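Q: Residue numbers (the working numbering): -4 to 239. Could you have a look at this structure, given as structure tokens, before my questions?
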């Protein structure tokens, strides 16, 4: 290292070369190597001279700091090697994490897809079941309507006399309305309300007289269904209250 200027320039050059703090350079011992003309420099002339002293004298000798350079060079090489290894480790860790995360994503995608398929199948089953329930509910409502109608038929015959076997129900009900119009009016019933009592009976109908098991629903169930029917035709509530 050649010094031909101020202490600041010398120490700055050493600092930048070795990566040392400026204060650490002040007491480093020097060792002669060659003078500016190529001749060897006497060690005695530099004995005890520090970098700070050397720079302050403005000497033009070429000097070296062998032990410090060697030590710091080895240390720097070691640090660079360690840094390179750390970079490799970090890169491998990143690659490993990327692979692991991708595998997790793929696993989640497969699991989610399986869940979607399972839920879709379940929804299809529920929708099919709901369709059956709606159909069953509609049929059950018909059964309850016929249950109410049958009880009203029996009630009217007890009140006003039995229907002749040869007489149709529409004729019987019309005769009752004309004969007992005041009674129907007092109960809030009109001629059109008799139409609710005309139902088809017999085999292959919801009112199959051969099967009585389904035609005695709980009163609470009938109340609920009749209330729903009465929202459109209030006469259902009146008929049911007469025979409940």
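Where a beta carbon is used, it is the ideal one built from N, C-alpha and C, also for glycine. Here the structure is a predicted model, which means the values were calculated and not measured.
Quick check on this structure: which residue in 214, 183 and 212 has the alpha carbon closest to the alpha carbon of residue 228?
A: Checked all of 214, 183 and 212; the closest Cα to residue 228 is 183.
Q: Inspect the CB distances between the stretch 106 to 116 and the stretch 167 to 185 and report whether three or more fall short of 8 Å.
A: No, they do not touch.
Q: Mapping DSSP to helix, strand and coil, what is residue 160?
A: Coil.
Q: Considering residue 232, what are the terminal residues of the alpha helix (DSSP H) in which it resides?
A: From DSSP, the alpha helix (DSSP H) with residue 232 extends over 230 to 238.
Q: Is the beta carbon of residue 135 sitting closer than 8 Å to the one on residue 238?
A: Going by C-beta atoms, residue 135 is not nearer than 8 Å to residue 238.
Q: At which residues does the alpha helix (DSSP H) containing residue 218 begin and terminate?
A: Counting along the chain, the alpha helix (DSSP H) containing residue 218 begins and ends at 214 to 225.
Q: Out of curiosity, what's the CA-to-CA distance linking residue 70 and residue 78?
A: Approximately 12 Å between the Cα atoms of the pair.
Q: Does the distance from the C-beta atom of residue 171 to that of residue 192 stay below 8 Å?
A: Result no, Cβ atoms of residue 171 and residue 192 do not sit closer than 8 Å.
Q: When burial is assigned at 16 or more other CB atoms within 10 Å of the CB, is residue 188 buried or exposed?
A: Buried, by the Cβ-count rule.
Q: For residue 184, does the three-state DSSP call read helix, strand or coil?
A: Three-state result, residue 184: coil.
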